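What follows is a short report on a single structure.
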Amino acid sequence: PLAVEKGPFIVVSGHDLHDLYLLLEQTRGRGVNVYTHGEMLPAHAYPKLKAYPQLKGNFGTAWQNQQKEFANLPAPVLFTTNCLMPVKDSYRDRVFTTGVVAYPGMVHIGGEKDFTPVIQKALALGGYPEKHAETGINGGTQVTTGFGHGFVLSVADKVVGAIKSGAVRHIFLVGGCDGAKPGRNYYTEFVEKTPKDSIVLTLACGKYRFNDLNLGTVAGLPRLMDMGQCNDAYSAVTVATALAKAFGCSVNDLPLSIVLSWYEQKAVCILLSLLALGIRNIYLGPTLPAFL
């Protein structure tokens, strides 16, 4: 769910799931809820993290919208890695950092990672007085995650059968970085226009362009499956390799297209990994990197 419950809460951004685990441990019984943001969304798919009742949902969208989304937030934000933009005065007193991410003037929590200052700030701010409605960029009120290679391979027979029967004619992997540059709405429109007999796999923060859309199901499978963070590109490669093995063909012979949005070095590293593996059928945008 994207709505925020009333009362004190903390928003956790970045990529470090272990930091989230430490925060969840420290917020036990404190009356403070926790919401993921950005690339932390896949945390809701991990049973050990999901077991904490105070992990309620996901707040906001991709990294480039944070200056607007955090402006009037009655809660602290903990950045664990990456994706911290220059902090605006409107929420400067609510930003905490840990790990490799930091910013001048912000409270940085290192060492044993005692998140007491974050928890105290949440209690002092108090959160929203009533349940607060939030939506994705397309107006959706919920998003899904948890379709990593473990899940997809557990239903591999179903996927293979659907492809062989013609129920599923194509798989699109649409993922990568999001950004503020005009033109990235292409990915929203692309996913909206995918045929109903196709499956859309996604990963990384580029998914926020369309992950609140309801694409329905095909052959008993969700048409939109979120495989996780940018570093979960491994999951996509694992699934593609397993499908190729099942069909006795190469990955490039599968009915698979990779639609990759890039912004910075991590996405370029993922692209280079795909190229090193000999994978083709890659559509890259919204612009080409200089080295291409």
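Residue numbers (the working numbering): 2 to 293.
The beta-carbon is built from N, C-alpha and C at its ideal position, and this holds for glycine as well.
Predicted, not measured: the structure shown is a model, and the values here were computed from it.
| query | result |
| --- | --- |
| Beta-carbon proximity list for G8, same chain, < 6 Å, skipping 5 on both sides | G128 |
| Three or more C-beta pairs below 8 Å linking the stretch 229 to 246 and the stretch 265 to 272 | yes |
| Status (buried if at least 16 other CB within 10 Å, exposed otherwise) for N253 | exposed |
| Which listed residue (C178, F211, T117) has its alpha carbon closest to that of E26 | T117 |
| Check whether G106 and R93 have beta carbons under 9 Å apart | yes |
| Every unbroken beta strand (DSSP E) within the stretch 8 to 37, with a cutoff of 3 residues, ordered by chain | 10 to 14, 34 to 37 |
| Beta carbon of T98 nearer than 9 Å to that of D17 | no |
| 7 Å CB neighbourhood of A237 in its chain, flanking five on each side removed | L174, L202, L204, M228 |
| Segment contact, 8 Å Cβ cut-off, at least three pairs: the stretch 156 to 163 with the stretch 59 to 70 | no |
| Cβ contact check for the stretch 148 to 158 and the stretch 175 to 194: 3 or more pairs under 8 Å | no |
| Complete alpha helix (DSSP H) runs within the stretch 65 to 117 (minimum length 4 residues, chain order) | 67 to 70 |
| Alpha-carbon to alpha-carbon, R224 and I280 | 23 Å |
| Burial state of F292, where buried means 16 or more other Cβ atoms lie within 10 Å | exposed |
| Cut-off 7 Å between Cβ atoms - residues of its own chain near G221, not counting five sequence neighbours on either side | K159 |
| For G39 and C178, believed in contact at Cβ under 8 Å, the rounded distance | 11 Å between Cβ atoms; not a contact. |
| Given G30 as reference, the closest of F148, L56, K49, A76 once Cα atoms are compared | L56 |
| Distance between beta carbons of D213 and M136, contact taken as under 8 Å | First, the residue type needs correcting, since residue 136 is Thr and not Met in the sequence shown. The Cβ separation is near 7 Å, so the contact holds. |
| With 16 other Cβ atoms within 10 Å as the buried cut-off, status of H19 | exposed |
| Three-way DSSP call (helix, strand, coil) for G229 in this model | coil |
| Span of the beta strand (DSSP E), counted from its first residue to its last, around L275 | Note, L275: premise wrong, no beta strand (DSSP E); alpha helix (DSSP H) at 266 to 277. |
| Distance, F211 Cα to A76 Cα | 26 Å |
| From A46, K49, Y53, residue whose alpha carbon lies closest to that of V35 | Y53 |
| First through last residue of the alpha helix (DSSP H) which encompasses K49 | 48 to 51 |
| Unbroken stretches of the alpha helix (DSSP H), 4 residues or longer, contained in the stretch 133 to 208 | 150 to 155, 157 to 166, 186 to 193 |
| Where G221 sits in the DSSP three-state scheme | coil |
| First and last residue of the uninterrupted alpha helix (DSSP H) at Y235 | 234 to 248 |
| Beta-ladder partner(s) of V260, from DSSP | V175, Y284 |
| Straight-line Cα distance separating V5 from I259 | 34 Å |
| Strand pairing of G127, partner residues [DSSP] | In the DSSP output, where bridge partners are listed per residue, G127 has none listed. |
| Best match in A134, V144, F148 for proximity to Y200 [C-alpha to C-alpha] | In the sequence as presented, Tyr is not what sits at residue 200; that position holds Ile. Per the Cα distances, F148. |
| Close-in-space but distant-in-sequence residues of the same chain around A44 (CB under 6 Å, 5 per side omitted) | L18, L21, T37, L50 |
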